[in-house]
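Worksheet: the structure to be examined is printed underneath.
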Amino acid sequence: MKMKSTGKQVLVKSSGKKRKLQAAELLQEISKRAYLNFENSGRVNGNDLVHWYAAETEVIGENK
């Protein structure tokens with residue numbers, strides 16, 4: 004699935020320093036985290052939204 008870049012930027016903390024991330028990069032990070040949550044839960048299907056929302060909370064919370 005291709006994502007269209009909106010050009011929006013967000014601040015993300017990386018190794019103690021903040022840098023601006025494109026929205027597409029943020030979505031990619033959330034996607035990776037959601038997949039890790041899926042794997043860590045035993046790869047049980049049907050909880051995709053739970054994993055996605057948890058990943059959003061984690062990624063955004065870490066980077067405030």
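In my numbering, the protein residues as written are 4 to 67. For glycine and all other residues, C-beta sits at the position ideal for the given N, C-alpha and C.
A straight line joining the alpha-carbon of Asn48 with that of Glu28 spans about 25 Å. Residues Glu32, Ile33 and Arg36 of the same chain have their beta carbon placed closer than 6 Å to that of Val62, with the five preceding and five following residues left out of the count.
The alpha-carbon separation between Glu42 and Gly64 amounts to approximately 21 Å. DSSP, read as helix, strand or coil, puts Lys67 in coil.
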